[in-house]
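**Student:** To get this note's numbering, take the position in the sequence shown, counting from 1, and add 3.
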Amino acid sequence: MKKNLLAVIILALVLVNLILTAVLVFSIIPQTKKSNELIDQVCAAINIELEGGQNKDSSAVPIEEIAVYNITDNFTVNLADNGDGKKHYAVFSVGLSVNKTSESYATYGGDEMTELTDKETIIRSDINTVVAKYTEEEFNADGQKAVKEEILSKMQDLFGSDYIVGVNFSSVATEAH
């Protein structure tokens, strides 16, 4: 009798184990798959972010593959207040270095750059917004390098990362009133 009772208990435990395994398979495994998919998406986003931060600059493009789009009018921008009680202005001209080998080159008008001309208001607005954040000292620091890099980043976001590869200033002057 004890043998039969022991066999019944073992059989019951095996059935309980089988039922718990089935519950595990049908409830926990799908959740694990969803978690793995989420982890894969996060990893992909991080990888994109790491690669996306590497701007293609004009030094990586041969000079013969660069065209320059000069924005027609000079910029006159109010600079940020530096605490001296005076209004500071920057007057400058901007040229955008464009990668002729970019897929976007034909899209934005090729050699004539007609689409850039059509979008000049947007370009001017973005440049004004960036420059206005800087004080006179920050603007003039290191040959306007930080300003140029921020404008380049804005332009690459606007047109695609490999189309605009450089920002050039000419006839730069700052003054206080």
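Glycine included, every Cβ here is placed at the ideal spot set by N, Cα and C.
Quick caveat: nothing in here was measured; it's all calculated off a predicted structure.
(1) How should residue 29 be labelled, buried or exposed, when 16 other C-beta atoms within 10 angstroms of its C-beta is the threshold for buried?
(2) From which residue to which residue does the alpha helix (DSSP H) around residue 138 run?
(3) Thinking C-beta only, is residue 150 closer than 9 Å to residue 104?
(4) Measure from the alpha carbon of residue 96 to the alpha carbon of each residue in 76, 89, 86, 113, then state which is nearest.
(5) Based on DSSP bridge pairs, tell me the residues matched to residue 2.
(6) Got a sec: is the Cβ-Cβ distance from residue 170 to anything in chain B below 9 Å?
(7) Mind checking whether residue 84 and residue 132 have CB atoms under 9 Å apart?
(8) Is it buried or exposed for residue 91, if we count other Cβ within 10 angstroms and need 16 for buried?
(9) Quick check: residue 94 and residue 79, are their CB atoms within less than 9 Å of each other?
(10) Residue 48 to residue 15, Cα distance in whole Å?
(11) What first and last residue would you give for the alpha helix (DSSP H) that runs through residue 117?
(12) Provide the residue(s) that pair with residue 29 in DSSP beta bridges, ordered along the chain.
(13) For residue 66 and residue 38, I'd like the C-alpha separation in whole angstroms.
**Tutor:** If we stick to the structure as given:
(1) The residue labelled residue 29 in the question sits at position 26 within the sequence shown. The residue in question, residue 29, is exposed, as its Cβ has fewer than 16 Cβ neighbours within 10 Å.
(2) The count along the sequence shown starts at 1 and reaches residue 138 at position 135. Run containing residue 138: none; DSSP gives neither H nor E here.
(3) Mapped onto the sequence shown, residue 104 falls at position 101. Mapped onto the sequence shown, residue 150 falls at position 147. No; because the gap between Cβ atoms is not below 9 Å, this pair is not in contact.
(4) Along the sequence shown, read from residue 1 onward, the residue named residue 96 stands at position 93. Ranking 76, 89, 86, 113 by Cα distance to residue 96 puts 76 first.
(5) Because the chain is modelled from 4 through 180, residue 2 falls outside the range shown and cannot be assessed.
(6) You won't find chain B in this structure, because it holds only one protein chain.
(7) Taking the first residue of the sequence shown as 1, we reach residue 84 at position 81. Taking the first residue of the sequence shown as 1, we reach residue 132 at position 129. Not a contact, by the Cβ cut-off of 9 Å.
(8) What you label residue 91 is simply residue 88 of the sequence shown in a count that begins at 1. So residue 91 ends up on the buried side.
(9) Indexing the sequence shown from 1 puts residue 94 at position 91. Indexing the sequence shown from 1 puts residue 79 at position 76. Yes.
(10) Locating residue 48 in the sequence shown gives position 45, where the first residue counts as 1. Locating residue 15 in the sequence shown gives position 12, where the first residue counts as 1. Their Cα atoms are separated by approximately 49 Å.
(11) Taking the first residue of the sequence shown as 1, we reach residue 117 at position 114. Its alpha helix (DSSP H) spans residues 117-121.
(12) For the purposes of this step, residue 29 is identified with residue 26 of the sequence shown, where counting begins at 1. Bridge partners of residue 29: none, in fact.
(13) Numbered from 1 along the sequence shown, position 63 holds the residue referred to as residue 66. Numbered from 1 along the sequence shown, position 35 holds the residue referred to as residue 38. The alpha-carbon atoms of residue 66 and residue 38 are separated by roughly 48 Å.
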